[in-house]
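Participant: First the structure, which I've put down as structure tokens, then a few questions once you've had a look.
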Amino acid sequence: RPDNCDGTYEEFCDSSREYSNITDIIKEFGKSDLLSYMNEYWKDYSGDDESFWEHEWNKHGTYFASLSI
-6 RPDNCDGTYE EFCDSSREYS NITDIIKEFG KSDLLSYMNE YWKDYSGDDE SFWEHEWNKH
54 GTYFASLSI
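Its first residue numbered -6, the sequence shown is counted upward by one per residue in the numbering used here.
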């Protein structure tokens, strides 16, 4: 992802690739190890991990042109 050379990066690049079912997508691709890791180490401070993951994907992940899951 491009670095704007001022401490900022592009965000929310492709709204057609925003998702709200991150857990289901990870399960669909058989990545239970990734989901286990996320459940243990990538926690939301308010306890709503799914919403946190959705936000982070939609903000940063939509910038990827391709992603091998």
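For every residue, glycine included, the Cβ atom is placed at its ideal position computed from N, Cα and C.
In the DSSP assignment, find the alpha helix (DSSP H) that holds residue 44 and state where it starts and stops.
Facilitator: Start and end: 42 to 53.
Participant: How is the alpha helix (DSSP H) around residue 30 delimited, first residue to last?
Facilitator: Looking at the DSSP string, the run of the alpha helix (DSSP H) that includes residue 30 is 25 to 34.
Participant: Do residue 18 and residue 27 come within 7 Å of each other at the CB atom, strictly closer than that value?
Facilitator: Contact: no.
Participant: Quick one: grab the DSSP three-state call for residue 38.
Facilitator: Note: residue 38 maps to coil in three-state DSSP.
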